[in-house]
Amino acid sequence: MTAAATTRALREGLRDAALERLGPLDGAGFLARLERVGPDLVEALTAVYGDRTDVHALVSAVSTDALEAACTRALPLRRLDREREVDPTWFLSEDVVGYVAYADRFAGDLRGVAERLDYLGELGVRYLHLMPLLEPRAGENDGGYAVADYDAVDPRLGTMHDLESLAGAAHERGMALCVDLVLNHTAREHPWAQAALAGDPTYRAYYRFFPDRSEPDAFERTLPEVFPDMAPGSFTYLDATGEWVWTTFHEFQWDLDWSNPEVFRAMLGVLLRLANRGVDVVRLDAAPFLWKRVGTDCQNQPEAHRLLQALRAVSSLAAPALLLKAEAIVGPDQLVPYLGGHDLQRPECHLAYDNQLMVLLWSALATRDARLAAQAMGRRTAAPTGTGWVTYVRCHDDIGWAIGDEDARAVGLEPFSHRQFLAAFYSGRYPGSFASGVDFQRNPATGDARTSGTTASLAGLDVALRSGTSVEVDAALDRVVLLYSVVYAFGGIPLLYMGDEIAMRNDERWADEPEHADDNRWLHRPRMDWDAAARRSARGSVECRVFTALQRLGAARRSTESLRSDASVRVLAPDDTRVLAWVRHHPRARPVLCLAGFSDDATSVDVGLPATAGVHDPVLVHSSTERLDVHDGRIHLPPWGFSWVTSP
Ligand code: GLC
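Here is the structure:
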């Protein structure tokens, strides 16, 4: 049977139930959606499971799951479904700014977060990502990425009811809520894993067990190590059964076996239940790792994409307002396919992290040279229509120096030594560095190191405060704002990482909590300093300067339609190699030329540059000095300055 014929049969099968249970309007909507996404679902599941299960029965079961979920969806969420089906690009609007925080570190618990929504409102936040909040295992849990119960909120943060209330309160303010779904692995304390340990064959088939080292050894020949230092290897020996189990991350995080269709269905259930709690965006944690294939790095496998496409199809059937965001921290060529930008053009995730831009910005900051960023960003395939990036300066993870070899060589850099330089620079080991981060997971076998540290500390605020010169403090703060200026204007939802808005520095006491002591990513996961935040209105304070600058970036973005996430981006080649220059254009608006000067000194570009980007007689949209400085045939930027201009 063709995918279209299977879809027709499904539609007929669900027709009466849909119309009766959802009513004539929503029922018709459900059936129309089934017709649209059915073929994607059938094709994706056939590609993954066709050789091991009756796909027709599987598709029929998951479509029924979707109908059940649609029937229990609360009215306010159904209203959101309709609104977002009318404007499926709602999240790509120029007025969407994001904020990322641990609920407990930001505000104690979920109720505390609800009380801080006004604060987020000051920053124009319309998208709030709360770090993992489902019930984790006790003790060490990788910051919540080891889930023991997907249907309960971490009791320290509150209850499912609190989560629903928070989502409702956010929606009243036009704010969307993003929550993590850890779908590659569960905690070994999860009931599925415990049942597997007890020998239940159904649940043993949820994970990957090996009787001896032969298969693990075969896989490890090509598997990179995620945590070579704190959790070496990708398999863990189980004393209880004398077997090995697949654990890509920590030994307490057991990888699910997605080649089992029951795993797909179980995790789909989790996803749909979260959507019905009012969650708007689900961050699909470690998405590239879902499928394993011997002889590969077990990331980005075609089946992993098909699985995401199938999740997308079913979730859009049950909860069309829901967005999927891929956490795929992979190389530039592997990244765009998570947005569906591969030869199949089948919808996949709506959003993905722009880790490329993030890494390249830090590289430009250290080298005072924007050529590598221009080279790599200039050749990247655009995000497919209806999708977008989330752009960011820092997140809760380390920075992995994922500079493409080809890009580095194209600008005359030796790739390996440039990555080494960046790790050395940001740990402060490199002579003259302004940064004070630390190495994360240095791997003696490969020589690789990643970096931990907050934005402000990596941008030089600690060193500047220690040296005591106000010039250096100014430079550090200007660097923070410069990086955010790019993130607000390059294309994508800009994400503000908690504490950056008040230039919070490294948490020197990060190791005091015993379960954090071997993971220095906690260096840049501080508790919110509300005393410092109170200084955001004290003119001249560090907090006020950064907070105000971010508010202005948000306001300028909101007033500029060409800065929408889905407006096109074209990278230019200005005659000053320290300047990153790009033009954004949306067909409904005038193009905007953006400039970012990566230098301790003033920089400038030829006054003719805007015209080459379609910007004539440039007027200021926004800049670090709030004015446009043109003289002697050049547009000038102060040290670490930026400028956005458009046509009158
Ligand atoms: C993701 C998270 C990271 C976590 C890992 C395992 O990469 O961002 O913090 O350690 O997944 O869940």
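Residue -11 is where the sequence shown starts when you use our numbering, and the numbers rise one by one after that.
Where a beta carbon is used, it is the ideal one built from N, C-alpha and C, also for glycine.
On a predicted model such as this, the values are computed, not experimentally measured, just so you know.
Residue i: CB within 8 Å of a non-hydrogen atom of the ligand GLC
i: E315; result: yes
i: H512; result: no
i: G392; result: no
i: R509; result: yes
i: G221; result: no
i: G448; result: no
i: V381; result: no
i: G131; result: yes
i: E428; result: Correcting the residue identity first, residue 428 is Phe in this sequence and not Glu. Outside the cutoff, so no.
i: A274; result: yes
i: Q241; result: yes
i: F535; result: no
i: D385; result: yes
i: E173; result: Residue identity check: residue 173 is His in the sequence provided, not Glu. Within the cutoff, so yes.
i: F237; result: yes
i: V269; result: no
i: V170; result: yes
Whole-Å CB distance - residue i paired with residue j, under 8 Å assumed
i: G392; j: P320; result: 5 Å
i: L211; j: D285; result: 6 Å
i: S473; j: F586; result: About 11 Å; that fails the 8 Å criterion.
i: R509; j: D450; result: So it is not a contact: roughly 18 Å between Cβ atoms.
i: A569; j: L581; result: 7 Å
i: H238; j: A219; result: 5 Å
i: L145; j: L165; result: L145 to L165, Cβ: 13 Å. No contact.
i: P636; j: D605; result: 6 Å
Residue nearest to residue i in terms of C-alpha spacing, selected from the options
i: D139; options: Q429, L323, G112, R261; result: R261
i: L278; options: A292, D168, V269; result: A292
i: L19; options: V30, L171, H117, L305; result: L305
i: R545; options: F94, L68, V113; result: V113
i: A254; options: L401, G230, Y191, R265; result: Y191
i: L171; options: L295, D386, R40, G221; result: L295
i: V618; options: P598, W628, G602; result: P598
i: T457; options: Y476, F422, A5; result: F422
i: D130; options: L154, D385, E110; result: D385
i: D519; options: I387, R(-4), G542, A491; result: A491
i: A390; options: G376, R93, F409; result: F409
i: S612; options: R533, V595, P636; result: R533
i: E123; options: L108, S222, S445, L151; result: L151
i: D495; options: R93, V36, V381, L2; result: R93
i: T442; options: T434, D427, P432; result: D427
Neighbour-count burial assignment, residue i, 16 or more Cβ in a 10 Å radius
i: E177; result: buried
i: M(-11); result: exposed
i: E82; result: buried
i: R489; result: Note that residue 489 is Glu in the sequence shown, not Arg. Buried.
i: F(-2); result: One point to set straight first is that residue -2 is Leu, not Phe, in the sequence displayed. Buried, since its Cβ has 16 or more Cβ neighbours within 10 Å.
i: H149; result: exposed
i: T355; result: buried
i: V530; result: buried
i: L13; result: exposed
i: D589; result: exposed
i: D39; result: exposed
i: H406; result: buried
i: G15; result: buried
i: V347; result: buried
i: V633; result: buried
i: E652; result: A query on residue 652 cannot be resolved here, the shown segment of the chain reaching from -11 to 636 and no further.
i: G528; result: exposed
i: G266; result: buried
i: E549; result: buried
i: A62; result: exposed
i: T439; result: buried
i: Q322; result: exposed
i: P143; result: exposed
CB contact check: residue i to chain C, cutoff 9 Å
i: G388; result: Among the protein chains of the structure shown there is no chain C, as only one such chain exists.
Proximity test, residue i beta-carbon vs the ligand PLP heavy atom, cut-off 8 Å
i: L151; result: Ligands displayed in this structure: the ligand GLC; the ligand PLP is not among them.
Q) Which ranges does the alpha helix (DSSP H) cover as unbroken runs of at least 4 residues, wholly within the segment 285 to 354, from first to last along the chain? A) List check, alpha helix (DSSP H) in window: 290 to 306, 320 to 323.
| request: Would you list, in sequence order, the uninterrupted alpha helix (DSSP H) runs of no fewer than 4 residues that lie entirely inside the segment 140 to 170? | output: 148 to 160
Problem set entry | Segments of 3+ residues assigned as beta strand (DSSP E) that fall wholly inside the segment 426 to 499 | Fully enclosed beta strand (DSSP E) runs of 3 or longer: 426 to 431, 436 to 440, 481 to 485.
Scan the segment 538 to 607 and note each continuous beta strand (DSSP E) run of 3 residues or more that stays entirely inside, going in chain order. 556 to 559, 567 to 573, 580 to 585, 591 to 594
| field | Within the segment 90 to 115, ranges of the alpha helix (DSSP H) (whole runs, at least 4 residues) | value | 91 to 95, 98 to 103, 105 to 110
**Message:** If we require 3 or more residues per run, which beta strand (DSSP E) segments fall completely within the segment 169 to 232?
**Reply:** 173 to 175, 223 to 226
Next on the checklist: Suppose only complete runs of 3+ residues qualify. What are the beta strand (DSSP E) ranges in the segment 36 to 101, listed by chain order?
Outcome noted: 85 to 89
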